[in-house]
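Enquirer:
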Amino acid sequence: MATIASVDRPSNGFSGAALLAPFRAVGRFMIMLAEASPQMKALNRLSQLSDQELAAKGLTRDGEVRRILGGSAAL
């Protein structure tokens, strides 16, 4: 059996979280921008369709991803 012990140490006023906070904020902002793009919205709509629904329309998932992303689909 494993035992975990935690030790509370008094803080000296410096917090690694405070140092990382600006980087986390920038990261969250970049994710927000990416999710707001029309391409991402179209990809989200595509992901909600089943393969059967796409086949009924004569489409393939791969083809639709290429159409949505255009030249950046090769990345």
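With this note's numbering as the guide, the letters of the sequence shown map in order to residues -18 to 56.
No residue lacks a Cβ here, since even glycine has one placed at the ideal position from N, Cα and C.
Remember, it's a predicted structure, so these values are computed and weren't measured experimentally.
Could you tell me the distance, in whole angstroms, from the CA atom of Pro3 to the CA atom of Asn25?
Expert: For the purposes of this step, residue 3 is taken as the residue at position 22 of the sequence shown. For the purposes of this step, residue 25 is taken as the residue at position 44 of the sequence shown. For Pro3 and Asn25, the distance between alpha carbons rounds to 29 Å.
Enquirer: Rounded to the nearest angstrom, how far is the Cβ of Gln20 from that of Leu50, given a contact under 8 Å?
Expert: For the purposes of this step, residue 20 is taken as residue 39 along the sequence shown, with counting starting at 1. For the purposes of this step, residue 50 is taken as residue 69 along the sequence shown, with counting starting at 1. The beta carbons of Gln20 and Leu50 sit about 6 Å from each other, so the pair counts as a contact at 8 Å.
Enquirer: So Gln29 is in the alpha helix (DSSP H); what residue range does that whole segment cover?
Expert: Counting from one through the sequence shown, the residue named residue 29 turns up at place 48. Per DSSP, Gln29 is not a residue of any alpha helix (DSSP H), being assigned neither H nor E.
Enquirer: In angstroms, rounded to a whole number, what distance separates the CA positions of Leu35 and Thr(-16)?
Expert: Reading the sequence shown from its first residue, position 54 is the one you call residue 35. Reading the sequence shown from its first residue, position 3 is the one you call residue -16. The alpha-carbon atoms of Leu35 and Thr(-16) are separated by roughly 52 Å.
Enquirer: How big is the Cα-Cα spacing for Ile12 and Ser31?
Expert: The residue you call residue 12 lines up with position 31 of the sequence shown. The residue you call residue 31 lines up with position 50 of the sequence shown. Taking the straight line from one Cα to the other gives about 26 Å.
Enquirer: Which residue comes first and which comes last in the alpha helix (DSSP H) that contains Leu0?
Expert: Taking the first residue of the sequence shown as position 1, residue 0 is located at position 19. Start and end: Gly(-3) to Glu16.
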